[in-house]
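So the sequence shown is numbered by my numbering: it starts at 197 and just counts up by one. Using N, Cα and C, we set each Cβ at its ideal position, and we do this for glycine too.
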Amino acid sequence: MISQKAKYALRALLALAKEEPGQSLLISEIAESQSIPKKFLEQILLDLKHHGIVMSRRGKSGGYLLLKPAGQITFGEVLRIIDGPIAPLPCLSRMAYRRCEDCSQEERCELRRVFARVATATRDVLDGTTIADAGTVEEALSGPSGAARAAS
């Protein structure tokens, strides 16, 4: 399951992606527009800053802005930064592999085979979807004909 923290991180990045290149947003602006607790958002943006996703700027036109283009930031990258490995079972994690405690024959485990397909499909979608892609979908759904499509 995706954590609330990861959802907030993605929403903050979507808000930043709507700005013109080089334009920044204050934490308070992001927090208010996205209904994210300000203190929690500060921690999230610091994590993203340490991983080279956003940068902060001081001064009159200060705030946070994307360090990388929105088209180069994938959902998978953000989820790994915030939540860690993307795997339904520890034995399927590429970054934090652990043998399942209750499994003595991993190579013949029926559950592992099914969840391996789930993990691959999930990673493919998350690693193939960028912040820019999500913003485009959001814009399409918020247009006059998009609202009708979203309702169907």
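Assigned secondary structure, residue i (DSSP; H/G/I helix, E/B strand, else coil)
{"i": "L242", "result": "helix"}
{"i": "R253", "result": "strand"}
{"i": "A343", "result": "Unreliable positioning characterises A343 in this predicted model, as indicated by a pLDDT of 48, which lies under 50. The coordinate reading is nonetheless provided below. Helix."}
{"i": "S348", "result": "Note on S348: pLDDT 47, under 50, position unreliable in the model; the coordinate value appears next. It is coil, neither helix nor strand."}
{"i": "L221", "result": "strand"}
{"i": "A202", "result": "helix"}
{"i": "S231", "result": "coil"}
{"i": "G248", "result": "coil"}
Residue from the options whose Cα sits closest to the Cα of residue i
{"i": "I277", "options": "E297, C305, Q268 and G248", "result": "G248"}
{"i": "L221", "options": "Y293, T332 and V250", "result": "V250"}
{"i": "G255", "options": "Q219, L237 and A283", "result": "Q219"}
{"i": "P286", "options": "A266, Q268 and L307", "result": "L307"}
{"i": "G267", "options": "K201, A330 and M197", "result": "A330"}
{"i": "F311", "options": "C296, G324 and K264", "result": "C296"}
{"i": "I198", "options": "S300, G324 and A283", "result": "A283"}
{"i": "Q230", "options": "Y204, S252 and A213", "result": "Y204"}
{"i": "L275", "options": "K235, I226, S257 and L244", "result": "L244"}
{"i": "P265", "options": "R304, S257 and P217", "result": "P217"}
Outcome for residue i when other beta-carbon atoms lying within 10 angstroms are tallied against a minimum of 16
{"i": "A316", "result": "Residue 316 is actually Thr in this sequence, not Ala. Under this definition T316 is an exposed residue."}
{"i": "F271", "result": "buried"}
{"i": "V314", "result": "exposed"}
{"i": "Y293", "result": "exposed"}
{"i": "V321", "result": "exposed"}
{"i": "E273", "result": "buried"}
{"i": "A324", "result": "The question names Ala, but residue 324 in the sequence shown is Gly. That one is exposed."}
{"i": "A344", "result": "Because A344 sits at a pLDDT of 49, beneath the cut-off of 50, its placement in the model cannot be relied upon, and the following sentence gives the value as read from the coordinates. It counts as exposed."}
{"i": "G259", "result": "buried"}
Expected contact under 8 angstroms - CB spacing of residue i and residue j to nearest Å
{"i": "I223", "j": "L209", "result": "Incorrect: roughly 13 angstroms between the Cβ atoms, too far for contact."}
{"i": "A202", "j": "D279", "result": "5 angstroms"}
{"i": "I326", "j": "I269", "result": "A small correction: the amino acid at residue 326 is Thr; Ile does not occupy that position in the sequence shown. 6 angstroms between Cβ atoms; contact."}
{"i": "I232", "j": "R207", "result": "7 angstroms"}
{"i": "L261", "j": "E225", "result": "Incorrect: roughly 12 angstroms between the Cβ atoms, too far for contact."}
Problem - Whole beta strand (DSSP E) elements within the stretch 257-329, 3-residue minimum - result: 259-262
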